[in-house]
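Quick note: the sequence shown uses our numbering, first residue 1, plus one each step. Just below is one structure, and these are the notes that go with it.
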Amino acid sequence: MNFYLLSFHGTLLSRVPGSSEVTQVPLSPGLDRDDLLRVPLDPDRFRQPYADFIEQKPVAAEAADIRHLGACDIHPFPDTRTVALSRDGFYAGLPPQGLLEINRSAVQDWERFLPCSDADLDFLLALSKDRWIIKSTRALVEPGAIGLGQAFSLNIGPLAIPLNYNLPFEQKHAPFRFTVLSEGWKINEILLFRPLIYYLAFGEDNVFQQLSYSLISLSLAAQYRGKVWIYSDKDAGEIHRAMHWMAPDQLTAKPLIASDWVGFVAGKYCILEDEAADAYQPVVYMDPDIIYNADIQPMLIAMAVSEKMTAPLESFSGLEHAPSVGAALLQHDHEHPGFASGFNCGTIGIPNLPSQRHHLRLIRRLICNILGQRGRSALHWVDQEVANYVSYKMAHFETHEISTYVRYGFEGPPPVPTEPLSGLVHFWGIARAGRPQVMRDYLDRVLKRQEAARNDGTAKS
């Protein structure tokens with residue numbers, strides 16, 4: 001197997017064109033790998049199989065012909081997963097910003113190199129294209145803050161990861177989350193942050209008025225700049241014209257026909273057929289009667305970090321007695337949920353679709369089976385009843401953290417207060433006919449409050 005050589009300084013060994021000298025270059029997308037030094041090497045020699053570690057089996061140097069450098073001896077150091085190069089009794093060393101020198105009598109930091117495969121370089125380049133969450137701190141790291149540094153370090157914002165103790169990265173949950181070991185042993189995770197929010201909107205103008213106000217608040221109050229999909233029976237051009245303040249590359253209209261209330265509510269699970277959705281994390285369903293009142297990035301990060309689906313609690317809807325959260329299904333299955341409360345399916349956070357596809361498909365199957373057996377109107381709350389049942393039996397939706405961001409709007413007076421600006425308000429408790437006006441009034445108050453806060457901050461500064 002062939003490996004490139006990463007220096008202690010976070011650079012790659014490369015030939016100097018037209019010369020026999022070897023220099024160092026940064027890893028970049030346009031890098032010509034044909035110029036890089038390449039070493040034929042068995043990975044077991046420097047990564048040490050576990051049985052060899054148990055035996056403390058010594059690893060001898062071996063001769064090799066290195067591209068652009070010629071004949072050398074390769075000295076593996078399994079304890080640090082690195083190698084050294086020597087010729088005629090002298091070791092190769094690479095000073096910072098200098099050329100490779102084969103004149104060292106001992107191996108220290110500058111004389112060690114980390115073998116990296118094509119797959120390793122591809123992984124590191126892909127990592128630097130996206131935003132990542134550091135799980136331990138919930139810090140969001142932008143692509144510009146990701147790079148290679150001293151001591152074979154991969155720097156993801158403030159998190160330094162020694163590549164010699166992490167390569168190759170475990171791919172079990174790729175490309176969404178990776179376990180990393182800072183200092184070689186402190187467990188952490190990095191998680192992809194590429195959010196997608198999607199809606200359903202069908203039929204009457206009332207629903208599209210709600211959706212319009214929701215999207216205005218998403219842009220202005222929530223400051224959301226990620227992707228938005230709308231599944232609808234309306235023409236895509238009509239949707240883009242109606243939501244003209246959203247950039248064409250941010251908003252995507254998806255065709256979907258819903259013939260009745262069941263289709264309107266359960267259509268959210270059609271996203272499982274959309275392969276493009278598999279690339280996002282988190283994937284978030286929102287009802288159109290939601291107004292955002294604050295930055296929702298912390299909520300989206302919480303959804304991405306969770307290993308489960310998330311939904312806001314309805315503390316007033318007990319699983320034992322409230323049909324809206326599946327009480328009838330649980331009773332008929334002889335379950336006794338006690339004092340547990342159910343959750344609302346107007347906001348569903350999915351860390352990513354591949355990890356939750358089994359549970360989402362199960363919810364869909366139960367909806368189809370129950371309505372097929374008992375008639376189309378047997379589940380008044382449709383997926384919310386089934387999702388709560390599935391959660392209780394096996395999926396275990398997470399509710400405690402996400403609930404801190406969500407409030408519900410009910411009939412007044414008094415009007416729904418702007419305080420606290422938790423993240424969003426779901427106005428499902430308002431009669432449908434008057435819901436758009438209530439949402440608009442609330443949005444106006446939120447935007448005025450935010451403007452006043454900005455003006456106050458400007459005056460103080």
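Beta carbons are placed, not taken as given, at the ideal position from N, Cα and C, and that holds for glycine. Here the structure is a predicted model, which means the values were calculated and not measured.
*asked:* Taking a contact to mean a Cβ-Cβ separation below 9 angstroms, would you say Gly-409 touches His-426 in this structure?
replied: For the purposes of this step, residue 409 is taken as the residue at position 409 of the sequence shown. For the purposes of this step, residue 426 is taken as the residue at position 426 of the sequence shown. Yes, Cβ-Cβ distance for Gly-409 and His-426 is below 9 angstroms.
*Thinking Arg-440 and Tyr-213 are a contact (beta carbons under 8 angstroms), I'd like their distance in whole angstroms, please.*
In the sequence shown, residue 440 corresponds to position 440, counting from 1. In the sequence shown, residue 213 corresponds to position 213, counting from 1. The C-beta separation of Arg-440 from Tyr-213 comes to about 5 angstroms, placing the pair in contact by the 8 angstroms criterion.
*Which residues does DSSP pair with Glu-62 in a beta bridge?*
Against the sequence shown, residue 62 aligns to sequence position 62. Paired residues: Ile-74.
*Taking 9 angstroms as the CB-CB cut-off, is Gln-356 touching chain B?*
Judged by its chain identifiers, the structure shown contains no chain B, having just a single protein chain.
*Should Leu-181 go down as buried or exposed, given a rule of 16 or more other Cβ atoms within 10 Å for buried?*
Indexing the sequence shown from 1 puts residue 181 at position 181. Burial call: exposed.
*Is the CB-CB distance between Lys-268 and Thr-252 below 9 angstroms?*
Your numbering for residue 268 matches position 268 in the sequence shown. Your numbering for residue 252 matches position 252 in the sequence shown. Note that the C-beta distance between Lys-268 and Thr-252 is not below 9 angstroms.
*Roughly how many whole angstroms lie between the Cα atoms of Val-284 and Leu-300?*
Stepping through the sequence shown from its first residue, residue 284 is reached at position 284. Stepping through the sequence shown from its first residue, residue 300 is reached at position 300. Between Val-284 and Leu-300, the C-alpha separation is close to 8 angstroms.
*State the Cα-Cα distance for the pair Leu-279 and Ser-117, rounded to the nearest angstrom.*
Stepping through the sequence shown from its first residue, residue 279 is reached at position 279. Stepping through the sequence shown from its first residue, residue 117 is reached at position 117. It is worth fixing the name first, because residue 279 is Ala in this sequence and not Leu. Each residue's alpha carbon lies about 25 angstroms from the other.
*For Trp-132, which option in Pro-96, Asn-188, Gly-237 and Cys-345 has the closest C-alpha, if you only look at C-alpha atoms?*
The count along the sequence shown starts at 1 and reaches residue 132 at position 132. Closest option to Trp-132, Cα to Cα, is Asn-188.
*Of all the options Ala-387, Asp-130, Thr-23 and Phe-90, which has the alpha carbon lying nearest to the alpha carbon of Ala-327?*
Indexing the sequence shown from 1 puts residue 327 at position 327. Nearest of Ala-387, Asp-130, Thr-23 and Phe-90 to Ala-327, Cα basis: Ala-387.
*Cβ of Tyr-389 within 9 angstroms of Cβ of Val-416?*
Counted from its first residue, the sequence shown places residue 389 at position 389. Counted from its first residue, the sequence shown places residue 416 at position 416. Their beta carbons are not under 9 angstroms apart, which means Tyr-389 does not touch Val-416 by this criterion.
_Distance check for Val-107 and Ser-86, CA to CA, integer angstroms please._
If you number the sequence shown from 1, residue 86 lands on position 86. If you number the sequence shown from 1, residue 107 lands on position 107. Between Ser-86 and Val-107, the C-alpha separation is close to 10 angstroms.
_Residues near Ile-257 in its chain [Cβ-Cβ closer than 7 angstroms; skip 5 each side]_ = Residue 257 sits at position 257 when you count from the first residue of the sequence shown. In chain order, Asp-233 place their CB closer than 7 angstroms to the CB of Ile-257, counting only its own chain and leaving out the 5 sequence neighbours on each side.
*Ser-259 versus Asn-155: straight-line alpha-carbon distance, rounded*: Numbered from 1 along the sequence shown, position 259 holds the residue referred to as residue 259. Numbered from 1 along the sequence shown, position 155 holds the residue referred to as residue 155. Going from the Cα of Ser-259 to the Cα of Asn-155 covers about 52 angstroms.
_Distance check for Leu-99 and Asp-35, CA to CA, integer angstroms please._
Taking the first residue of the sequence shown as position 1, residue 35 is located at position 35. Taking the first residue of the sequence shown as position 1, residue 99 is located at position 99. For Asp-35 and Leu-99, the distance between alpha carbons rounds to 15 angstroms.
*Nearest to Ala-145 by CA position, among Trp-381, Ser-136 and Ala-160, is which residue?*
Counted from its first residue, the sequence shown places residue 145 at position 145. Cα-wise, what sits closest to Ala-145 is Ala-160.
*asked:* I'd like the span of the alpha helix (DSSP H) that includes Met-299, first residue to last.
replied: What you label residue 299 is simply residue 299 of the sequence shown in a count that begins at 1. Going by DSSP, Met-299 is part of the alpha helix (DSSP H) stretching over 297-305.
*Considering Trp-261, what are the terminal residues of the alpha helix (DSSP H) in which it resides?*
Here residue 261 refers to the residue found at position 261 of the sequence shown. Here the alpha helix (DSSP H) through Trp-261 covers 261-266.
*According to DSSP, what are the bridge partners of Ser-182?*
Indexing the sequence shown from 1 puts residue 182 at position 182. DSSP, once it has assigned bridges, lists Lys-186 as partnering Ser-182.
*How would you call His-75, buried or exposed, if buried means at least 16 neighbouring beta carbons within 10 angstroms?*
As a first step, residue 75 must be located in the sequence shown, where it is residue number 75. Sixteen is the threshold: when 16 or more other Cβ atoms of the shown chains lie within 10 Å of the Cβ of His-75, as they do, the residue is buried.
*Measuring CA to CA, which of Tyr-4, Pro-58 and Pro-43 is closest to Leu-37?*
Residue mapping note: residue 37 aligns to position 37 of the sequence shown, counting from 1. If we check each option's Cα against that of Leu-37, Tyr-4 comes out closest.
*Are the beta-carbon atoms of Leu-447 and Val-262 separated by less than 9 angstroms?*
Taking the first residue of the sequence shown as 1, we reach residue 447 at position 447. Taking the first residue of the sequence shown as 1, we reach residue 262 at position 262. For Leu-447 and Val-262, no; Cβs fall outside 9 angstroms.
*Three or more C-beta pairs below 8 angstroms linking the stretch 108-115 and the stretch 77-95*: Counting Cβ pairs under 8 angstroms, three or more are found: they touch.
*In the structure shown, what three-state DSSP assignment does Gly-372 receive?*
Position 372 of the sequence shown, counted from the first residue, corresponds to residue 372. Here Gly-372 sits in helix by DSSP.
_With the cut-off set at 9 angstroms, would you say Tyr-224 and Gln-297 are in Cβ contact?_
Counting from 1 along the sequence shown, the entry for residue 224 is found at position 224. Counting from 1 along the sequence shown, the entry for residue 297 is found at position 297. Taking 9 angstroms as the cut-off, the Cβ atoms of Tyr-224 and Gln-297 count as close.
*Mind checking which residues open and close the beta strand (DSSP E) that includes Pro-426?*
Indexing the sequence shown from 1 puts residue 426 at position 426. Residue identity differs from the one stated: residue 426 is His in this sequence, not Pro. Where His-426 is concerned, the enclosing beta strand (DSSP E) stretches over 424-429.
*Name the DSSP bridge partner or partners of Ser-14?*
Locating residue 14 in the sequence shown gives position 14, where the first residue counts as 1. BP columns for Ser-14 point to Thr-23 and Leu-36.
*Taking Gln-56 as the reference, which of Arg-47, Gly-346 and Leu-215 has the closest Cα?*
Stepping through the sequence shown from its first residue, residue 56 is reached at position 56. The candidate whose alpha carbon is nearest that of Gln-56 is Arg-47.
*Relative to the alpha-carbon of Thr-310, which residue among Phe-90, Leu-353 and Phe-397 has its alpha-carbon at the smallest distance?*
Stepping through the sequence shown from its first residue, residue 310 is reached at position 310. The shortest Cα separation from Thr-310 among Phe-90, Leu-353 and Phe-397 belongs to Phe-397.
*Cβ-Cβ distance between Ile-402 and Met-303 below 9 angstroms*: Taking the first residue of the sequence shown as 1, we reach residue 402 at position 402. Taking the first residue of the sequence shown as 1, we reach residue 303 at position 303. For Ile-402 and Met-303, yes; Cβs fall inside 9 angstroms.
*Answer with buried or exposed for Arg-81, where buried requires no fewer than 16 other C-beta atoms within 10 angstroms of its C-beta.*
Against the sequence shown, residue 81 aligns to sequence position 81. Arg-81 should be labelled buried.
_I want to check one thing, is the minimum distance from the CB of Ala-322 to the heavy atoms of the ligand SAH below 8 angstroms?_
In terms of ligand content, the structure shown is empty, and the ligand SAH therefore cannot be addressed.
*Thinking C-beta only, is Pro-436 closer than 9 angstroms to Asn-206?*
As a position in the sequence shown, residue 206 is number 206, starting the count at 1. As a position in the sequence shown, residue 436 is number 436, starting the count at 1. Closer than 9 angstroms, so yes.
*Is it the case that the Cβ atoms of Leu-191 and Val-305 are separated by a distance below 9 angstroms?*
For this step, residue 191 is matched to residue 191 along the sequence shown. For this step, residue 305 is matched to residue 305 along the sequence shown. At the C-beta level, Leu-191 and Val-305 come within 9 angstroms of one another.
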